[in-house]
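Heads up, the thing below is written out as structure tokens.
Protein chains in written order, with the working numbering: chain A, 1 to 302; chain B, 1 to 302.
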């Protein structure tokens with residue numbers, strides 16, 4: 001089952017020619033989930049051939065402009081495309097009011113309904129539970145309500161070892177085996193573990209949006225297959241930054257990855273002050289070796 | 001005195017990779033005036049080396065997304081740059097509420113004041129009168145409140161023909177001549193017209209934003225040096241467009257230019273359905289020969 005993310009943008013708030021602010025597409029089994037939506041995200045979706053009508057769920061971490069100002073344009077284009085399917089928006093309270101204010105003055109009624117799922121910035125909440133995935137908010141520490149998102153695969157049906165399967169086993173009993181049950185058949189008990197293969201490990205993706213170094217996330221994202229964590233700065237220049245800045249360094253992102261024992265780390269949200277991003281990678285890898293840079297257009301398997 | 005416009009974007013609402021929605025920079029004597037501000041206008045300003053702090057006046061024709069969704073990002077970047085000078089915004093009522101709603105949820109207070117000049121969509125109003133220019137709204141016909149903008153040079157001081165200037169003429173009398181007055185000097189009357197050069201003709205730029213064919217604009221823009229007029233469609237495909245569409249064809253734009261006897265016409269706001277823009281140019285030039293396409297990065301003298 002496909003489970004991958006593609007980077008659409010990874011700069012921080014200051015605009016840069018040829019680069020884009022935060023946005024990622026998560027593809028699970030050809031369903032697209034959009035994570036943050038900075039300015040011109042709709043053009044990035046076009047550039048990398050993601051069809052808008054395959055996106056049914058959009059997650060906005062927080063209401064700083066570089067994370068959501070592309071949403072209204074994308075939503076209006078979906079309207080021009082005569083979308084009918086409901087669009088699920090997951091965002092801090094307030095985005096609903098912003099959207100309604102825009103629509104009020106463009107005299108617009110969208111061609112499709114919006115299902116708005118508001119969350120608070122300070123608590124873990126399960127905000128989605130579909131056939132394959134659950135999504136929880138990950139409270140961040142960013143000065144305004146801000147959450148990351150933890151995507152977890154749901155337990156799958158067990159696979160049966162066909163060589164061990166008794167002939168003529170009725171389908172309801174096969175389904176019971178796939179669901180992990182023991183069964184009675186022809187006066188014998190068949191133990192589930194004797195006839196099913198060990199399940200594939202469940203994969204998970206943790207998207208940690210803008211935050212200062214924040215250890216409370218560690219238990220929640222423990223063992224995630226893939227972690228994205230912002231790294232706006234490096235340690236060297238962080239000293240020159242004013243106190244109270246709500247961002248992380250590459251080393252801090254890597255420390256979170258290390259302490260949470262994740263499989264792999266992607267860092268992004270780079271400040272425009274660094275013309276060469278290799279400094280981020282070198283700094284992070286001193287703490288957590290399997291670290292990669294968020295580069296527009298690149299796809300990472302979860 | 002510099003008086004020129006640079007095209008930052010000229011597509012219509014549907015996004016296109018590598019192109020941008022409506023925005024133009026008007027440069028008058030090194031003061032920058034921004035006309036409309038579609039998504040990612042701030043990146044276009046960077047691309048063509050326009051410094052944000054040289055922009056003090058932004059004009060928004062109407063509140064369809066492709067004409068203003070880049071404004072909030074630009075304003076937030078000005079804040080990051082610690083701008084202090086007041087920013088004058090000229091827009092239909094409602095943009096003020098949209099901006100305040102955004103700021104409410106980003107918990108932001110901008111580093112600079114905004115002077116918001118609201119206008120109605122149905123009447124001519126002088127909205128700016130500075131040292132060199134006046135600006136009037138041009139009511140359009142677009143289904144929602146929408147205005148173009150007419151930039152007119154103010155009458156300049158006369159130039160004096162130095163060869164004819166009597167020696168030792170006191171400065172106050174020279175200034176009086178420059179202001180068009182006759183003067184008395186050494187018991188003689190000096191007629192203004194005998195000593196001043198004929199004034200340079202006053203230039204004007206008419207920016208006609210989204211509109212269906214709308215002849216009432218003609219008297220107001222009569223004789224403009226340069227006219228921008230939207231041309232979303234060509235005549236051929238316009239037949240296939242639903243009735244009641246609030247846009248113009250290239251031929252209609254050229255007809256307005258012809259009837260208003262303007263010096264030169266620029267057309268833009270091209271629908272994405274035309275891969276080759278030459279059809280617009282050919283169609284417009286059958287009616288009005290000095291027509292040009294709005295191409296990103298190109299500058300036109302007024």
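Ideal Cβ placement from N, Cα and C applies to all residues, glycine included.
Around the beta carbon of residue 51 of chain B, a 10 Å sphere encloses fewer than 16 other beta carbons of the protein chains shown; the residue is thus reported as exposed.
For the options B/142, B/218, B/69 and B/150, the alpha carbon positioned closest to that of residue 261 of chain B is the one of B/218. The Cβ neighbour count for residue 202 of chain A, taken over all protein chains shown within 10 Å, is under 16; the residue is labelled exposed.
For a Cβ distance threshold of 8 Å, residue set 43, 46 and 47 of chain B lies close to residue 17 of chain A, ordered along the chain. The C-beta of residue 77 of chain B comes closer than 8 Å to at least one C-beta of chain A.
With respect to chain B, the C-beta atom of residue 247 of chain A has no partner C-beta closer than 8 Å.
For residue 55 of chain A, no chain B residue has a Cβ inside 8 Å of its Cβ, as the nearest lies near 14 Å away. Closer than 8 Å to the CB of residue 9 of chain B there is not a single CB belonging to chain A.
In this structure residue 80 of chain A is not in contact with residue 39 of chain A, their Cβ atoms being roughly 18 Å apart against a cut-off of 8 Å. A straight line joining the alpha-carbon of residue 171 of chain B with that of residue 122 of chain B spans about 47 Å.
At a cut-off of 8 Å between C-beta atoms, residue 230 of chain A does not count as an interface residue with respect to chain B.
Contact check for residue 105 of chain B and residue 94 of chain A: beta-carbon distance about 4 Å, within the 8 Å limit, so the pair qualifies.
Between residue 7 of chain B and residue 298 of chain B, the C-beta spacing is below 8 Å. Using beta-carbon distances, residue 102 of chain A counts as an interface residue toward chain B, with a partner under 8 Å. Restricted to the region 6–62 of chain B, the alpha helix (DSSP H) segments that are unbroken, complete and at least 4 residues in length are 41–47, listed in chain order. Rounded to whole angstroms, the gap between the alpha carbons of residue 274 of chain B and residue 220 of chain A is 51 Å. Exclusion of the five residues before and after residue 124 of chain A leaves 136, 137, 138, 139 and 220 as the residues of its chain whose Cβ lies within less than 8 Å of its Cβ. Beta bridge pairing from DSSP links residue 294 of chain A with no other residue. Counting along the chain, the unbroken alpha helix (DSSP H) around residue 105 of chain B starts and ends at 95–105.
When 7 Å is used as the limit between beta carbons, residue 97 of chain A is near these residues of chain B: 101, in chain order. Here residue 189 of chain B is actually not in contact with residue 160 of chain B; their C-beta atoms are around 16 Å apart, not less than 8 Å. Taking a Cβ-Cβ threshold of 8 Å, the residues of chain B close to residue 106 of chain A are 63, 64, 65 and 144, in chain order. Counting the other CB atoms within 10 Å of its CB gives residue 182 of chain A a total below 16, which places it among the exposed residues. When the five nearest sequence neighbours on each side are left out, the beta carbons in the same chain lying within less than 6 Å of the beta carbon of residue 272 of chain B are those of 14 and 16, in order along the chain. Fewer than three pairs of CB atoms, one per stretch, sit closer than 8 Å, so the region 148–167 of chain A makes no contact with the region 112–122 of chain A.
Between residue 114 of chain B and residue 91 of chain B, the gap from beta carbon to beta carbon reaches 8 Å or more. Any Cβ of chain B closer than 8 Å to the Cβ of residue 72 of chain A would place that residue at the interface, and such an atom is present. With respect to the 8 Å criterion, residue 22 of chain A and residue 247 of chain A are not classified as neighbours on the basis of their beta carbons. The secondary-structure analysis by DSSP pairs residue 255 of chain B with nothing; it has no beta-bridge partner.
For residue 296 of chain A, no CB of chain B lies under 8 Å from its own CB, so it is not counted at the interface with that chain. Here residue 132 of chain A is near residue 28 of chain A, since their CB atoms are less than 8 Å apart. Nearest CB-CB separation between residue 14 of chain B and chain A: below the 8 Å threshold. Residue-level contact check: residue 118 of chain B does not touch chain A, since none of the beta carbons of chain A fall below 8 Å from its beta carbon. For the region 247–275 of chain B, the set of positions with a beta-carbon nearer than 7 Å to some beta-carbon of chain A is empty. If you look at residue 133 of chain B, you'll find it in the beta strand (DSSP E) that goes 133–139. When the five nearest sequence neighbours on each side are left out, the beta carbons in the same chain lying within less than 6 Å of the beta carbon of residue 71 of chain B are those of 37, in order along the chain.
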